[in-house]
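By the UniProt record's numbering, the letter at position 265 of the sequence shown is numbered 265, and the numbering carries on one by one without gaps. Ideal Cβ placement from N, Cα and C applies to all residues, glycine included. The structure displayed is predicted, hence computed values, not measured ones. Reading through the structure tokens given below for one structure.
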Amino acid sequence: MGSFKVYVSMVSMFVLIAMFNSSSGFYFYHALCPKEILSQLCNLGRFLRNVCLKEILSQLCNLGRFLRNVCLKVNPCQNGGKEQPDGTCVCTDEYTGTTCEEKVNPCKNGGMPSVGCVCTAYYIGSTCEEKVNPCKNGGTEQASGRCDCTDEYTGPTCEEKVNPCKNGGTEQPSGRCDCTDEYTGPTCEEKVNPCKNGGTESPSGRCDCTDKYTGPTCEEKVNPCKNGGTESPSGRCDCTDKYTGPTCEEKVNPCKNGGTEQPSGRCDCTDKYTGPTCEEKGNPCKNGGTELSDGTCRCIYRYYTGPTCESQYNV
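As structure tokens, then:
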């Protein structure tokens, strides 16, 4: 039948036992045995050493005799792990698992090993050890996960720039604020006073103007010249014919030469003047008498007499 030889090799968790027949080549007998039973095989060989039969059994006997002095329990810890007295494995840094069968993933926080580590969206770093800060533009992530933004930014992740321009103002590329008509100031923080020329806006929105200005927004200068007078560039009043005074406040007396204007507008003249405005000197000589250059009267002969011809002759 040829001769047999027994070969024993360790494959993972098992013992491979190969029988070699010189005439027919390899064939396997009890091809895979758990490592744990190797010690039992040793004991079997020792037990059978005096009653070993031919062929296969004798080979087992010879195996048992060969191993009887070196039979040990196989180390269950793979990849360089060390078995402890309690049967547990202490693995090298590169392996883990009950028997150190699993290679340690160097990529933390769910990263996948590749050429280096392929990290998830939430982590960065060579081993995905650093958490990505979701807060942009210098914001700080709080323990709650909320972003504490700087003064210049807002939004859930501080992605939105805060508009420094208040009250509807628009920030320009230069950083300057373009304010609406109602506001002014570097950041449009100051309400524009609609009341011009020193006027003050009341709570109701109405303008309280100074004495010199009028109009809804105090835009119109008050004319100091009354009764239709016109203020000249020098500030002096040019009055109409009927008024006089610094502000044309005084009505001009149309009655000349001491005449007095009546409420009706008619002039009440003195004795020496007459006419609608007393502009005409009156004749002191009555009854058709004529005033002479010396102021005496020449009366109509034989009809009137007296200093002003006021007396009638008695014929």
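Would you call residue i buried or exposed, if buried means 16 or more other Cβ atoms sit within 10 Å of its Cβ?
i: glycine 265; result: exposed
i: tyrosine 313; result: exposed
i: glycine 228; result: exposed
i: tyrosine 303; result: exposed
i: glycine 110; result: exposed
i: glycine 139; result: buried
i: glycine 145; result: exposed
i: glycine 288; result: exposed
i: glycine 87; result: exposed
i: glycine 169; result: buried
I need the DSSP call for residue i, collapsed to helix, strand or coil.
i: serine 204; result: coil
i: glycine 198; result: coil
i: valine 118; result: strand
i: arginine 298; result: strand
i: valine 252; result: coil
i: serine 311; result: strand
i: cysteine 278; result: coil
i: glycine 306; result: coil
i: glutamate 291; result: strand
i: glutamate 190; result: strand
Report yes if the CB atom of residue i is closer than 8 Å to the CB atom of residue j, and no otherwise.
i: aspartate 268; j: glycine 259; result: yes
i: lysine 226; j: threonine 210; result: no
i: threonine 308; j: proline 284; result: yes
i: valine 224; j: cysteine 237; result: Checking the displayed sequence, the identity of residue 224 turns out to be proline instead of valine. Yes. Within cutoff.
i: cysteine 89; j: cysteine 107; result: no
i: cysteine 158; j: lysine 136; result: yes
i: glycine 116; j: tyrosine 95; result: no
i: asparagine 79; j: threonine 92; result: yes
i: cysteine 299; j: glutamate 291; result: no
i: cysteine 195; j: asparagine 167; result: no
Exercise. Okay, do the region 117-129 and the region 139-154 touch, 3+ Cβ pairs below 8 Å being the bar?
Worked result: For the pair of segments examined, the region 117-129 was found not to touch the region 139-154: the number of CB pairs separated by less than 8 Å stays below three.
For this session: At 3 residues or longer, and completely inside the region 113-173: list those beta strand (DSSP E) runs for me, N to C.
Result: Counting whole runs of 3 or more residues, the region 113-173 contains the beta strand (DSSP E) stretches 116-118.
Exercise. Per the contact definition of three or more C-beta pairs closer than 8 Å, is the region 197-212 in contact with the region 163-182?
Worked result: no
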